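Contents: one structure, followed by commentary.
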Amino acid sequence: MGSQLGSAGLLLVNTLINIYLFLLMLRFLLQASRADYYNPISQSVVKITQPVVRPFQGFLGPVMNRFDLATLAAGFVIKAVSIVVILQVAGFGMAPLLGVAIGSVAALANAILKIYFFALIVMIILSWVAPNASHPGALLVMQLVEPIMAPLRRVIPPLGMIDISPIVAFIAISIIDGIVVGSLTRAAGISGALVGL
């Protein structure tokens, strides 16, 4: 019974860390896509993640171009530390540092792909039910997915009233997730559950 409670506790901790990592990568992607910084949702994400990102901004400096290296570094360190601590508490001992680093990169990539996956679903639903929505959340989703959808729309023209570019985006996300994240997770030699799969 005690071991089951311990496992449930570790699972809960890992889930909370993955949710926070999701928010950090959302902050990174919002910056990369040049989404509206003053959008209330953007402001909330920045406020929630700033305590962790601030120390890294001190030595990594301000955002370079569109890429917020401090946020990436914060996500990497948080995930690496969580992998080490969870494995230690679970009784697996110290994981190889290279495996922890590769697992952390896989977790970052997994979080980014999940954000795009869910954002595309929201974008598709909005295009059906509220194509001209002005809600801050709807605007933010459109700004977030536009950098990946614009190149696809240039290559794949719509078929009449149907835009099939989101289908191509979903296929690309699945392939990248399966090949890149899957390969990194196997190379790390740690459980996919720790990565966030």
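Once you know that position 30 of the sequence shown is 30 in our numbering, the rest is easy, because the numbers rise by one and skip nothing.
Yeah, the Cβ is synthetic: ideal placement off N, Cα and C, and Gly gets one too.
For clarity, every value in this text was computed on a predicted model and none was experimentally measured.
Residue i - partner residues in DSSP beta bridges
{"i": "Ile162", "result": "Leu159"}
Extent of the continuous alpha helix (DSSP H) run through residue i
{"i": "Gly237", "result": "Outside the displayed range of the chain (1 to 197) lies residue 237, so it cannot be described from this structure."}
{"i": "Val183", "result": "Checking the sequence, you will find Ser at residue 183 rather than Val. Residues 182–188."}
Close-in-space but distant-in-sequence residues of the same chain around residue i (CB under 7 angstroms, 5 per side omitted)
{"i": "Ser42", "result": "Leu30, Ala35, Asp36, Leu140"}
{"i": "Ala80", "result": "Val100, Ala101, Ser104"}
{"i": "Ile73", "result": "This sequence places Ala at residue 73; Ile is not what is there. Around Ala73: Phe56, Leu60."}
{"i": "Val129", "result": "none"}
{"i": "Leu69", "result": "Leu60"}
{"i": "Ile176", "result": "Leu113"}
Distance between beta carbons of residue j and residue i, contact taken as under 8 angstroms
{"i": "Thr49", "j": "Leu10", "result": "Not quite, the Cβ-Cβ distance comes to about 23 angstroms (not below 8 angstroms), so this is no contact."}
{"i": "Ala32", "j": "Arg66", "result": "5 angstroms"}
{"i": "Ala106", "j": "Val13", "result": "At roughly 19 angstroms, the Cβ-Cβ gap does not stay under 8 angstroms, so Ala106 and Val13 are not in contact."}
{"i": "Leu152", "j": "Ala169", "result": "6 angstroms"}
{"i": "Ala138", "j": "Leu120", "result": "So it is not a contact: roughly 14 angstroms between Cβ atoms."}
{"i": "Pro166", "j": "Ile124", "result": "6 angstroms"}
{"i": "Ile173", "j": "Phe117", "result": "5 angstroms"}
Own chain, CB closer than 6 angstroms to residue i, minus 5 neighbours either side, in chain order
{"i": "Ile112", "result": "Met25"}
{"i": "Pro147", "result": "Ser33"}
{"i": "Gly189", "result": "Gly99"}
{"i": "Thr198", "result": "Because the chain is modelled from 1 through 197, residue 198 falls outside the range shown and cannot be assessed."}
{"i": "Leu87", "result": "Ala95"}
Proximal residues to residue i (C-beta, below 8 angstroms), its chain only, five neighbours per side dropped
{"i": "Val45", "result": "Leu23, Leu26, Arg27, Leu30"}
{"i": "Leu16", "result": "none"}
**Asked** Unbroken alpha helix (DSSP H) runs of length 4 or more, entirely within the stretch 76–133: which are they?
**Response** For secondary structure counted as the alpha helix (DSSP H) over 4 or more consecutive residues, the stretch 76–133 holds these complete runs in sequence order: 97–129.
**Asked** Taking only runs of the alpha helix (DSSP H) that begin and end inside the stretch 134–158, which ones reach a length of at least 4 residues, in chain order?
**Response** Segments of the alpha helix (DSSP H) lying fully in the stretch 134–158: 136–155.
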